[in-house]
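FYI, my numbering numbers position 63 of the sequence shown as 79, with every residue one higher than the one before it. Everything below concerns the one structure shown next.
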Amino acid sequence: MIDAGEITGKIGKTVFAEMYQSGGDPAKIVEEKGLKPVADTGAIDAIVDQVIAQNPAQVEQYKSGKTKVLGFLVGQVMKLSGGKADPPAVNEALKRKLGPG
Numbered sequence: 017m018i019d020a021g022e023i024t025g026k027i028g029k030t031v032f033a034e035m036y037q038s039g040g041d042p043a044k045i046v047e048e049k050g051l052k053p054v055a056d057t058g059a060i061d062a063i064v065d066q067v068i069a070q071n072p073a074q075v076e077q078y079k080s081g082k083t084k085v086l087g088f089l090v091g092q093v094m095k096l097s098g099g100k101a102d103p104p105a106v107n108e109a110l111k112r113k114l115g116p117g
């Protein structure tokens, strides 16, 4: 499921632990526990906006050419989404909103 992009690595760890305990089907666990990743661009954009507002220093660093700080911002979005946001979609949203680094 991780390789297919259906779940993130963090969600995969949770699913694996549940599978180990219950022997359940991974797809069923994802559905029952509400672990499906957030791919809705509107929801991701809202979290990205929040992270940008909460981290002005890092945003300025990114805009001044320190593109490695993008990883920090992605991490903050993932944290706020509970690890459910789709990382490539988060990267794309941040780059779109912040402009070229």
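We put the beta carbon where it would ideally sit given N, CA and C, even for glycine.
Closest by C-alpha distance to ALA55, out of ARG112, GLY28, GLY115, VAL106, is VAL106. Collapsing the DSSP output to three states places ALA101 in a strand. Taking a contact as a CB-CB distance under 8 Å, the pair GLY28 and MET17 counts as one, their CB atoms being some 7 Å apart.
Beta-bridge annotation (DSSP): VAL54 is paired with ALA101. Judged by DSSP secondary structure, MET35 falls within the alpha helix (DSSP H) whose first and last residues are 25–38.
Excluding sequence positions up to five before and after LYS52, its CB lies within less than 7 Å of the CB of VAL46, all in the same chain and listed in chain order.
VAL93 and GLN77 have their C-alpha atoms spaced approximately 17 Å apart. Three or more beta-carbon pairs separated by less than 8 Å link the segment 85–92 to the segment 62–75, which places the two stretches in contact. Excluding residues up to 5 positions away in sequence, ILE23, PRO42, ILE45, VAL46, LEU51 lie with their Cβ nearer than 7 Å to the Cβ of VAL31 in the same chain. Around THR57, the same chain offers ALA105, ALA109 as residues with beta carbons nearer than 8 Å, after the five sequence neighbours per side are excluded.
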